Amino acid sequence: MQEKPKICPVCKEGDDFDFIKDYKLKEGNFSLYECLKCKVQFYSPFKKIESKDYEAKDSYNISRFLKPAISRGYHKKFLQSNKKFPQGTTVLDLGCGTGEFLSELEKRGCKVFGVDFDGEAIKSARRHFNLQNVYDMPFEDFFKKEDLPRFDFIFCFEVLQYLDMPLEFAKNLRKILKPGGRIILSQPSKNRMLQGVDEWDLPSHCLTRWDKESILNLFSRSGFKISCASYVEQMKILRGALNSRLRFGLVAKAEEISKNRKVFFSPRFVYFLGRVKGFVISFFPAFFLWFGKILKKENGIIYLELRINE
0 MQEKPKICPV
10 CKEGDDFDFI
20 KDYKLKEGNF
30 SLYECLKCKV
40 QFYSPFKKIE
50 SKDYEAKDSY
60 NISRFLKPAI
70 SRGYHKKFLQ
80 SNKKFPQGTT
90 VLDLGCGTGE
100 FLSELEKRGC
110 KVFGVDFDGE
120 AIKSARRHFN
130 LQNVYDMPFE
140 DFFKKEDLPR
150 FDFIFCFEVL
160 QYLDMPLEFA
170 KNLRKILKPG
180 GRIILSQPSK
190 NRMLQGVDEW
200 DLPSHCLTRW
210 DKESILNLFS
220 RSGFKISCAS
230 YVEQMKILRG
240 ALNSRLRFGL
250 VAKAEEISKN
260 RKVFFSPRFV
270 YFLGRVKGFV
280 ISFFPAFFLW
290 FGKILKKENG
300 IIYLELRINE
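Numbering (the working numbering), first residue to last: 0 to 309.
In structure tokens form, the structure reads like this:
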């Protein structure tokens with residue numbers, strides 16, 4: 000077990016913690032704790048995640064060469080509920096990835112901005128969708144840019160777990176949000192089944208774990224309230240966790256064969272191979288878990304809309 004922290008690295012106030020679990024990983028030894036004040040779970044030692052730690056998964060490496068399409072449940076949920084926007088609506092997507100969501104918002108008349116840590120994802124956003132106001136930089140550098148507009152919508156999809164200073168992040172969002180604006184946020188639930196199985200739920204890809212209560216504890220300190228809450232991708236997140244645990248590197252092997260032999264696998268074919276492999280390996284176990292009603296109500300990804308509490 001790592002030394003018990005003296006103060007919560009998230010809320011900066013809590014000094015009483017529940018120990019949850021030890022992890023022995025190639026990156027080192029970590030202990031998972033939960034702060035009894037803010038209810039956020041965090042890893043100790045609490046190490047800032049650097050850009051080099053954002054190593055993309057096999058399917059993502061391939062998919063950035065293809066024109067991305069909207070597939071995530073939280074994107075679809077927002078677009079289904081917001082089909083039209085007033086002229087001049089400004090939106091910011093923090094963690095915009097390859098830009099397919101921003102592109103759809105641009106088609107609907109929004110002025111779009113995006114930021115992502117992954118330079119290759121930003122290149123893909125520019126190449127496939129001709130997005131102009133997308134930036135490859137840390138969020139804190141973007142917040143320091145001069146002449147930033149204020150935004151009607153700020154999207155933070157699966158972002159919180161990577162932040163080493165979430166309190167400051169929430170304060171910065173308050174500064175650039177228009178009066179009456181909304182923050183749309185999604186986050187894998189810390190209460191979901193198989194949490195901790197997916198490698199992206201562990202150091203060095205993740206610092207913290209959240210639920211609805213802990214997210215509200217964070218954002219209420221910057222004057223926000225939750226106006227809408229639901230869960231998406233209950234099935235998909237189970238499949239992803241199982242697929243990660245049962246990964247055999249088939250896609251990487253196919254790519255290696257294509258390099259070393261006179262055999263050509265197109266990026267589209269290799270991407271398709273990875274998708275089929277993931278479906279076959281993980282779909283049926285996940286289906287039976289779901290069908291047997293073993294899933295918790297809080298399973299999946301939390302989808303929240305937040306407004307300034309006036």
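C-beta atoms are modelled at their ideal positions from N, C-alpha and C, and glycine is treated no differently.
Only a predicted model underlies this, so the values are computations on that prediction, with no experimental measurement involved.
Measuring alpha carbon to alpha carbon, tell me which of Y302, C10, R126 ends up nearest K66.
Counted from its first residue, the sequence shown places residue 66 at position 67. The option with the nearest alpha carbon to K66 is R126.
Taking the beta carbon of C227 as the centre, do at least 16 other beta carbons fall within 10 Å, making it buried, or is it exposed?
By 1-based counting over the sequence shown, the position of residue 227 is 228. It counts as exposed.
Do you know whose CA, among S219, L35, K189, E304, lies nearest N298's CA?
Here residue 298 refers to the residue found at position 299 of the sequence shown. Looking at the Cα atoms, K189 is the closest of the given residues.
Within 10 Å of its beta-carbon, does R208 have 16 or more other beta-carbons around it, so buried, or fewer, so exposed?
Counted from its first residue, the sequence shown places residue 208 at position 209. So R208 counts as buried.
Can you tell me whether Q40 is helix, strand or coil according to DSSP?
Your numbering for residue 40 matches position 41 in the sequence shown. Three-state DSSP puts Q40 in a strand.
Mapping the DSSP letters down to three states, classify Q79 as helix, strand or coil.
On the sequence shown, position 80 is the one that residue 79 refers to. Helix at Q79.
Between the segment 172–182 and the segment 105–124, are three or more C-beta pairs nearer than 8 Å?
Using a Cβ-Cβ distance cut-off of 8 Å, the segment 172–182 and the segment 105–124 are not in contact, since fewer than three pairs of beta carbons, one from each stretch, lie closer than that value.
Does DSSP put G222 in a helix, a strand or coil?
Position 223 of the sequence shown, counted from the first residue, corresponds to residue 222. Here G222 carries a coil assignment [DSSP, helix/strand/coil].
With F128 as the anchor, note down where its alpha helix (DSSP H) starts and where it stops.
By 1-based counting over the sequence shown, the position of residue 128 is 129. Taken as a continuous stretch (DSSP letters only), the alpha helix (DSSP H) holding F128 covers 118–128.
Report yes if the CB atom of E2 is closer than 8 Å to the CB atom of I19, and no otherwise.
As a first step, residue 2 must be located in the sequence shown, where it is residue number 3. As a first step, residue 19 must be located in the sequence shown, where it is residue number 20. Contact flag unset, no.
Contact check, L217 vs P137, beta carbons under 8 Å:
The residue you call residue 217 lines up with position 218 of the sequence shown. The residue you call residue 137 lines up with position 138 of the sequence shown. No, the pair does not count as a contact, with Cβ atoms beyond the cut-off.
Taking A120 and T97 to be in contact with their CB atoms under 8 Å, please state how far apart those CB atoms are, rounded to whole angstroms.
Here residue 120 refers to the residue found at position 121 of the sequence shown. Here residue 97 refers to the residue found at position 98 of the sequence shown. Between T97 and A120 the Cβ distance is about 5 Å, and since that is below 8 Å, they are a contact.
List the whole-angstrom C-beta distance separating L162 from F223, where the pair is believed to meet the contact cut-off of C-beta under 8 Å.
By one-based count along the sequence shown, residue 162 stands at place 163. By one-based count along the sequence shown, residue 223 stands at place 224. Approximately 16 Å separates the beta-carbon atoms of L162 and F223; this is outside 8 Å, ruling out the contact.
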